[in-house]
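**Q**
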Amino acid sequence: MAGSSSSSKKNSHDIDERQAFDETRTGVKGLVENGITKVPRIFIQPPYDSLTKPESFNLELKFPLIDLENIDQSITRKEVICKIREASSTWGFFQVVNHGIPLSVMEQMLERTRKFYEQEPDERKKWYTRDTSKRVVYNSNFDLYNAPSANWRDTLYCQIAPDLPKREELPEICSDIMIEYTEHVLKLGRTLFQLISDALGLKINHLEEMNCAEGLAMLCHYYPECPQSELTLGTSPHTDRDFLTVLLNDDVSGLQVLHQNQWVDIPPMPGALVINIGDLLQEISNDRFLSASHRVLVNNVKPRVSVACFFNGDPKTFTTVAYGPIPELLSEDNPPKYRFTTIGEYVNVYNAKGLDGTSALAHFWL
Numbered sequence: 003m004a005g006s007s008s009s010s011k012k013n014s015h016d017i018d019e020r021q022a023f024d025e026t027r028t029g030v031k032g033l034v035e036n037g038i039t040k041v042p043r044i045f046i047q048p049p050y051d052s053l054t055k056p057e058s059f060n061l062e063l064k065f066p067l068i069d070l071e072n073i074d075q076s077i078t079r080k081e082v083i084c085k086i087r088e089a090s091s092t093w094g095f096f097q098v099v100n101h102g103i104p105l106s107v108m109e110q111m112l113e114r115t116r117k118f119y120e121q122e123p124d125e126r127k128k129w130y131t132r133d134t135s136k137r138v139v140y141n142s143n144f145d146l147y148n149a150p151s152a153n154w155r156d157t158l159y160c161q162i163a164p165d166l167p168k169r170e171e172l173p174e175i176c177s178d179i180m181i182e183y184t185e186h187v188l189k190l191g192r193t194l195f196q197l198i199s200d201a202l203g204l205k206i207n208h209l210e211e212m213n214c215a216e217g218l219a220m221l222c223h224y225y226p227e228c229p230q231s232e233l234t235l236g237t238s239p240h241t242d243r244d245f246l247t248v249l250l251n252d253d254v255s256g257l258q259v260l261h262q263n264q265w266v267d268i269p270p271m272p273g274a275l276v277i278n279i280g281d282l283l284q285e286i287s288n289d290r291f292l293s294a295s296h297r298v299l300v301n302n303v304k305p306r307v308s309v310a311c312f313f314n315g316d317p318k319t320f321t322t323v324a325y326g327p328i329p330e331l332l333s334e335d336n337p338p339k340y341r342f343t344t345i346g347e348y349v350n351v352y353n354a355k356g357l358d359g360t361s362a363l364a365h366f367w368l
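Plus 2 on top of the position in the sequence shown (first one is 1) and you've got my numbering.
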């Protein structure tokens with residue numbers, strides 16, 4: 003009983019600290035702006051097994067890179083589909099180049115994201131909220147009150163498609179580029195889902211007809227420089243709760259994927275985009291394709307910026323349409339591994355769990 007009381011007091015104190023941080027409404031960037039020299043206790047990471055896995059120094063582990071140029075040519079397309087099948091079933095991640103999004107658009111998207119966070123604190127505060135019903139949500143750690151430890155990261159979130167917001171609904175400093183970049187990502191997404199459908203042995207439009215490419219959430223992340231970067235993480239080990247993620251990174255290292263029980267760096271590459279399989283695609287593929295755990299390290303030198311676009315299905319059907327293993331991928335030797343679930347149910351389980359180093363897919367095993 004004494005242990006329980008002590009734990010309760012500790013938890014209460016921890017919640018008070020998280021609430022005090024939240025009430026500043028300026029996020030981790032605000033801590034840095036105020037000249038913090040030590041990482042607050044709520045950000046210090048517990049000793050997860052998944053955090054202590056060794057980093058890879060195996061030079062033979064080359065992160066998959068796929069060139070999408072000339073994919074309308076049959077020979078090239080077959081080669082690309084084979085590479086996507088191999089990368090999606092082993093890594094769950096790959097990079098793409100010659101994807102059709104102009105470098106100038108990518109650079110401007112990153113620069114405007116950076117400028118949003120480098121505005122005066124009072125300008126950022128206008129958008130700070132935990133009301134997820136709002137079109138735009140800026141805060142620090144969506145799971146601030148649930149996760150074992152907070153992450154050294156701030157996020158600007160917008161459910162940006164299928165119904166594009168009006169420019170006045172978005173922060174003025176980045177509104178135009180958010181819409182322009184989204185239009186490019188939606189086009190790329192349709193191409194990727196066709197290639198992935200083909201890689202699964204399905205008809206080319208199968209995943210599109212399941213509305214996998216219909217909705218898009220944009221998350222603009224800012225990872226400030228950290229005075230004690232060895233004590234915390236920009237993002238804890240996690241998998242993504244969507245069908246597919248298109249990730250735009252700046253030139254600062256930090257993103258790692260768990261591969262063969264080792265943390266492997268995903269090297270920044272100018273003009274490249276990182277693509278990863280999400281939980282919902284692992285579920286409907288019945289584990290043919292892998293939603294891999296990944297994390298983000300921070301550093302004490304310079305901030306890191308990234309823009310993640312989540313293909314998360316049509317919001318209008320989040321609570322009405324159930325997803326499960328695709329029948330065409332099943333057989334007597336490969337029975338369904340997951341029960342059917344709506345996207346809404348999956349997101350609720352994921353958010354309640356927070357980024358605790360485990361996959362929410364385990365809740366849906368048969």
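Glycine included, each C-beta is placed from N, C-alpha and C at the ideal position. Please read these numbers as outputs of a predicted model, since none were measured by experiment.
Below 8 Å on the Cβ atoms is my contact criterion, and I expect L249 with V276 to pass it. Report the Cβ-Cβ distance as a whole number of Å.
**A** With 8 Å as the limit, L249 and V276 qualify as a contact, their Cβ atoms being about 4 Å apart.
**Q** Buried or exposed for E125, going by 16 or more other Cβ atoms inside 10 Å?
**A** Exposed, because fewer than 16 other Cβ atoms sit within 10 Å of the Cβ of E125.
**Q** State the Cα-Cα distance for the pair E285 and P327, rounded to the nearest angstrom.
**A** Near 6 Å, if we compare the C-alpha coordinates of P327 and E285.
**Q** Assuming C228 and N302 are in contact, meaning their beta carbons sit under 8 Å apart, how far apart are those beta carbons, in whole angstroms?
**A** At roughly 6 Å, the Cβ-Cβ gap stays under 8 Å, so C228 and N302 are in contact.
**Q** Does DSSP put L70 in a helix, a strand or coil?
**A** Looking at L70 - three-state DSSP - the assignment turns out to be coil, as it is neither helix nor strand.
**Q** Does the distance from the C-beta atom of Y224 to that of L146 stay below 9 Å?
**A** Result no, Cβ atoms of Y224 and L146 do not sit closer than 9 Å.
**Q** Are D358 and A149 touching if we call contact CB-CB under 9 Å?
**A** It is a contact, given that the beta carbons lie within the stated cut-off.
**Q** Alpha carbon to alpha carbon, how far is Y119 from L33?
**A** Each residue's Cα considered, the two are about 13 Å apart.
**Q** Do the CB positions of F320 and G280 come within less than 9 Å of each other?
**A** Contact flag unset, no.
**Q** When you compare only the Cα positions, how much space is there between A362 and Y348?
**A** A362 and Y348: Cα-Cα distance of roughly 8 Å.
**Q** Where do the N-terminal and C-terminal ends of the alpha helix (DSSP H) with N13 fall, by residue?
**A** Unbroken alpha helix (DSSP H) run through N13: 4-25.
**Q** Of the choices H296, H365, A274, L202, whose alpha-carbon is the least far from that of K339?
**A** Among H296, H365, A274, L202, the Cα nearest to that of K339 is on H365.
**Q** Would N141 be called buried (16 or more neighbouring beta carbons within 10 Å of its own) or exposed?
**A** By the 10 Å Cβ count, N141 comes out buried.
**Q** S255: which of P329, D74, A152, V298 sits nearest, CA to CA?
**A** When each option's Cα is compared against that of S255, the closest is V298.
**Q** Let me know the secondary structure DSSP gives A354 once reduced to three states.
**A** The answer is helix: DSSP assigns A354 an H, G or I state.
**Q** Under a Cβ-count criterion, where at least 16 other Cβ atoms within 10 Å of its own Cβ denotes burial, should F243 be classed as buried or exposed?
**A** Residue identity check: residue 243 is Arg in the sequence provided, not Phe. Result: buried.
**Q** Let me know the secondary structure DSSP gives V279 once reduced to three states.
**A** First, the amino acid is wrong: residue 279 is Ile here, not Val. Strand at I279.
**Q** Could I get the ranges of all uninterrupted beta strand (DSSP E) runs contained in the stretch 218-260, with 3 residues as the minimum, in chain order?
**A** The stretch 218-260 contains these whole beta strand (DSSP E) runs: 218-225, 237-240, 246-251.
**Q** Take A89 as the anchor and find which of V259, K127, L172 has the nearest alpha-carbon.
**A** Among V259, K127, L172, the Cα nearest to that of A89 belongs to V259.
**Q** Candidates F291, L112, P123: which alpha carbon is nearest K85's?
**A** The option with the nearest alpha carbon to K85 is F291.
**Q** On the DSSP letters alone, give me the boundaries of the alpha helix (DSSP H) that D165 sits inside.
**A** Run containing D165: none; DSSP gives neither H nor E here.
**Q** Measuring only the C-alpha atoms, how far is T115 from I162?
**A** The straight-line gap from Cα to Cα measures roughly 15 Å.
**Q** So if DSSP puts T157 in a beta bridge, which residue, or which two residues, is it bridged to?
**A** Beta-bridge pairing links T157 to N141, H223.
**Q** Below 8 Å on the Cβ atoms is my contact criterion, and I expect I44 with S151 to pass it. Report the Cβ-Cβ distance as a whole number of Å.
**A** Sure, about 7 Å apart at Cβ, within 8 Å.
**Q** How far does the alpha helix (DSSP H) with S177 in it reach, from first residue to last?
**A** Its alpha helix (DSSP H) spans residues 177-201.
**Q** Give the DSSP bridge partners of T344, in chain order.
**A** According to DSSP, which records beta bridges pairwise, T344 is partnered with A324.
**Q** If you follow the alpha helix (DSSP H) that D124 is part of, which residue opens it and which one closes it?
**A** Note, D124: alpha helix (DSSP H), 123-127.
**Q** Report the rounded CA-to-CA distance for S52 versus S231, giving the unit in angstroms.
**A** Low confidence applies here, because S52 scores a pLDDT of 42, under 50, leaving its location unreliable; read the following figure in that light. Looking at the two C-alpha atoms, the distance is approximately 18 Å.
**Q** Quickly, what does DSSP pair Q97 with across the bridge? List them, please.
**A** According to DSSP, which records beta bridges pairwise, Q97 is partnered with L67, V276.
**Q** Taking Cβ positions, are R132 and T237 nearer each other than 9 Å?
**A** Contact: no.
**Q** If contact is defined by three or more beta carbon pairs under 8 Å, each pair taking one atom from either stretch, is the stretch 65-73 in contact with the stretch 166-184?
**A** Touching, no.
**Q** Does DSSP put A362 in a helix, a strand or coil?
**A** In this structure, A362 counts as helix in the three-state DSSP scheme.
**Q** Quick check on this structure: which residue in L368, R192, S91 has the alpha carbon closest to the alpha carbon of S287?
**A** Checked all of L368, R192, S91; the closest Cα to S287 is S91.
**Q** Within its chain, find whatever has a CB closer than 6 Å to the CB of R341; leave out the 5 residues flanking it on each side and keep chain order.
**A** These residues qualify, in order along the chain: F366, L368.
**Q** Would V309 and M220 be called neighbours here (beta carbons separated by less than 9 Å)?
**A** Result yes, Cβ atoms of V309 and M220 sit closer than 9 Å.
**Q** Taking DSSP's pairing of strands, which residues face D267 in a bridge?
**A** Bridge partners of D267: Q258.
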